[in-house]
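Enquirer:
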DNA sequence: TAACACAACTTGTAAATACAAGTTAAAAAA
DNA sequence: TTTTTTAACTTGTATTTACAAGTTGTGTTA
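Residue numbers (my numbering), protein chains in the order written: chain G, 46 to 280; chain L, 46 to 280.
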């Protein structure tokens, strides 16, 4: 018997109302007692629903005052989960593919530990250079395990999001990941690619993204010119 | 009358026991009914304490089984949400307070927008220098609005986590935030504080953390020497 | 022996009730 | 008019009771 719980129903309803703007940002939700009366529930049940909303950051509660609506279903930047395209507050990045996806063996030294399956199936390698306003800003090196991805080496990636392609054509969803950040002095190759001023440091990111496909992780090394832009992330 | 609530006491106790290893990682906590009997509380109270631990990721609950200890307060690097202490994979950072918490006015130029309430209540300012293995690694400048924090300027912060104090003594929980990252060439002051090699760049982070207290946000500017360590974040 | 049923756990949901504590605005007093 | 007090809200904590639902081990039965 699939019973839908009362607190869950109220939670979904309030959540929808907040997102669609029935309750405006900054305004107060009906009081707990009003919600009890309206939906014929007891206060613990109503509070359970509100607690869930608080946990998600949809509302703030203040004793003596009420539940304050907090619209921002927080978006996603490079630091939390998604790709790079939305990370620097620029709608479209122009992308050059320096190295089309190719099947390689894994590098000898690799910043992350690989599973047995990943190691033996080889990897798909690609390099990209991404521009904002005609100026190169990102240089990224990507390693994907060679599983689940038929015909990917013959696909065009020019000005398309890698993550978009993975999601749309291969049903790969990013679940989470980990990353290491440093500020480094770039070597000559990076300096030229990103057309850096002498002495301009770059942001260096190594990341592993886990996906909904078991054993399928995305490994990227990113060099970012932070002279004119910042990496922005919210969480 | 400053009453400490029962659920809070149980929460702090269990939390301490998990961190110090009284309950091992992967093992089960005593059942809710056992905790009720042991500490003379009712089940809703016990559950409130456990819910708080779940929210922090200290335990996992499984219906029919119990509460599973999840020792690695697994998070949470600087990039996702919590403080800096757990961000670089070091359990304890030594901390020097360069500037004890003081009440200031807000700076003229500030990287984030302030609310009316924040601006008019003034801010609490503090600077810290944090060490790993006797070497300075973090230098951070913090601005908190001067609300909700009685007597904070007379508190000792040496080798204590700012977030720990906020959580324990002021019931401030971090909900989320946003941040901007750059790689920069440090100025002379930063260079000396962090004892940097010439030409060693630093990671520069500006962040705003939102909390469960309405209108109470934490603003930090962080300079990080990434020569020997990386900023690590998982999400 | 192996499969199944059941009992004894566990946590999850929900009700009804009481009082504490913070906030706000109206009423009363200066 | 200005200040203070009070009353009427709000959410926070806590007790008690009941049953639902998932998990696990122990039986019993085939």
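For every residue, glycine included, the Cβ atom is placed at its ideal position computed from N, Cα and C.
Being a predicted model, the structure only gives us computed values, none of them experimental.
1) With DSSP as the reference, label residue 262 of chain L as helix, strand or coil.
2) According to DSSP, which residues form a beta bridge with residue 106 of chain G?
3) Quick check on DSSP: helix, strand or coil for residue 190 of chain L?
4) Chain L partners of residue 107 of chain G, CB-CB under 7 Å?
5) Per DSSP, what kind of secondary structure is residue 34 of chain L in: helix, strand or coil?
6) Is the Cβ-Cβ distance between residue 219 of chain L and residue 266 of chain L less than 8 Å?
7) Sorted by chain position, which residues of the same chain lie with C-beta nearer than 8 Å to residue 223 of chain G's C-beta, five sequence neighbours on each side aside?
8) Does residue 94 of chain G have its Cβ less than 8 Å from a Cβ in chain L?
9) When we look at the beta-carbon of residue 82 of chain G and count the other beta-carbons within 10 Å, is it buried (16 or more) or exposed?
10) I'd like to know whether the C-beta of residue 221 of chain L is nearer than 8 Å to at least one C-beta of chain G.
11) Name, in chain order, the residues that DSSP records as bridge partners for residue 168 of chain L.
12) Answer with buried or exposed for residue 270 of chain L, where buried requires no fewer than 16 other C-beta atoms within 10 angstroms of its C-beta.
13) In chain L, what lies closer than 7 Å to residue 246 of chain G by C-beta?
14) Using a Cβ-Cβ cut-off of 8 Å, state whether residue 100 of chain G counts as contacting chain L.
15) Can you grab the Cα-Cα spacing for the pair residue 229 of chain L / residue 79 of chain L, in whole Å?
16) How would you write the range of the alpha helix (DSSP H) that residue 51 of chain G sits in, first residue to last?
17) Is the shortest distance between the beta-carbon of residue 129 of chain G and the beta-carbons of chain L less than 8 Å?
18) Kindly indicate which three-state DSSP category residue 184 of chain L falls into: helix, strand or coil?
19) Taking only three categories from DSSP, how would you classify residue 157 of chain G?
20) Could you tell me which chain G residues have their CB closer than 8 Å to the CB of residue 276 of chain L, listed as they occur along the chain?
21) Check the Cβ of residue 113 of chain G against every Cβ in chain L and list those closer than 8 Å, keeping chain order.
22) Looking at C-alpha atoms only, which residue of L/170, L/142, L/163, L/193 is the closest neighbour of residue 176 of chain L?
23) Would you mind reading off the limits of the alpha helix (DSSP H) that contains residue 240 of chain G?
24) Does the beta-carbon of residue 97 of chain L have 16 or more other beta-carbons within 10 angstroms, so that it is buried, or is it exposed?
25) Between residue 211 of chain L and residue 217 of chain L, which are expected to be in contact by the criterion C-beta below 8 Å, what is the C-beta distance as a whole number of angstroms?
26) Note down, in chain order, every chain G residue with its Cβ under 7 Å from the Cβ of residue 265 of chain L.
27) With 8 Å as the threshold, decide whether the Cβ of residue 206 of chain L is near any Cβ in chain G.
28) Would residue 72 of chain G count as contacting chain L if we go by Cβ distances under 8 Å?
29) Could you name the residues of the same chain whose beta carbon sits closer than 6 Å to that of residue 272 of chain L, not counting the 5 residues immediately before and after it, in chain order?
30) Would you mind giving the Cβ-Cβ distance between residue 169 of chain L and residue 194 of chain L, rounded to the nearest angstrom? I have them listed as a contact below 8 Å.
31) Are the C-beta of residue 85 of chain L and some C-beta of chain G separated by less than 8 Å?
32) Would the beta-carbon of residue 198 of chain G fall within 8 Å of that of residue 173 of chain G?
33) When the cut-off is 8 Å and only beta carbons count, does residue 317 of chain G lie next to chain L?
34) On the three-pair Cβ rule with 8 Å, is the segment 105-113 of chain L touching the segment 145-153 of chain L?
35) For a cutoff of 8 Å on Cβ pairs, would you count residue 160 of chain L as touching chain G?
Expert: On the basis of the coordinates in this document:
1) Judged by DSSP in its simplified three-state form, residue 262 of chain L adopts strand.
2) Residue 106 of chain G is bridged by DSSP to G/112.
3) Of the three classes helix, strand and coil, the one that applies to residue 190 of chain L here is strand, per DSSP.
4) Neighbours of residue 107 of chain G on chain L, chain order: 259.
5) Any property of residue 34 of chain L remains undetermined from this structure, which presents chain L solely from 46 to 280.
6) Cβ distance not < 8 Å, so residue 219 of chain L and residue 266 of chain L don't count as in contact.
7) Correct list, in chain order: 252, 253.
8) Output row for residue 94 of chain G: interface = no.
9) Exposed is the call here.
10) Output row for residue 221 of chain L: interface = yes.
11) DSSP output for residue 168 of chain L lists L/149, L/190 as bridge partner(s).
12) That one is buried.
13) In chain order: 228, 229, 230, 246.
14) Residue contact check for residue 100 of chain G against chain L: a CB pair falls below 8 Å.
15) Here the alpha carbon of residue 229 of chain L sits roughly 55 Å from the alpha carbon of residue 79 of chain L.
16) In the DSSP annotation of this structure, the continuous segment of the alpha helix (DSSP H) that includes residue 51 of chain G starts and ends at 51-65.
17) A caution first: residue 129 of chain G carries a pLDDT of 41, below 50, which makes its placement in the model unreliable, though a value can still be read off. False, the Cβ-Cβ gap to chain L never drops below 8 Å.
18) Strand.
19) In this structure, residue 157 of chain G counts as coil in the three-state DSSP scheme.
20) By Cβ distance, chain G contributes 225, 226, 227.
21) Within chain L, the C-beta atoms nearer than 8 Å to that of residue 113 of chain G come from 259, in chain order.
22) When each option's Cα is compared against that of residue 176 of chain L, the closest is L/142.
23) Unbroken run through residue 240 of chain G: none, as it is neither H nor E.
24) Sixteen is the threshold: when 16 or more other Cβ atoms of the shown chains lie within 10 Å of the Cβ of residue 97 of chain L, as they do, the residue is buried.
25) Taking C-beta atoms under 8 Å as the contact rule, residue 211 of chain L and residue 217 of chain L qualify, at a distance of about 4 Å.
26) Listed by position along chain G, the residues whose Cβ is nearer than 7 Å to that of residue 265 of chain L form an empty set, because the closest Cβ is around 14 Å away.
27) By this cut-off, residue 206 of chain L is not an interface position.
28) Judged by the 8 Å Cβ criterion, residue 72 of chain G is not in contact with chain L.
29) Within the same chain, residue 272 of chain L has close Cβ partners 245.
30) About 7 Å separates the Cβ atoms of residue 169 of chain L and residue 194 of chain L, confirming a contact at the 8 Å cut-off.
31) By this cut-off, residue 85 of chain L is not an interface position.
32) No, the Cβ-Cβ distance between residue 198 of chain G and residue 173 of chain G is not below 8 Å.
33) Residue 317 of chain G lies beyond the residue range present for chain G, which begins at 46 and ends at 280; the question has no answer from this structure.
34) Contact between the segment 105-113 of chain L and the segment 145-153 of chain L is absent, because fewer than three Cβ pairs lie under 8 Å.
35) Not an interface residue.
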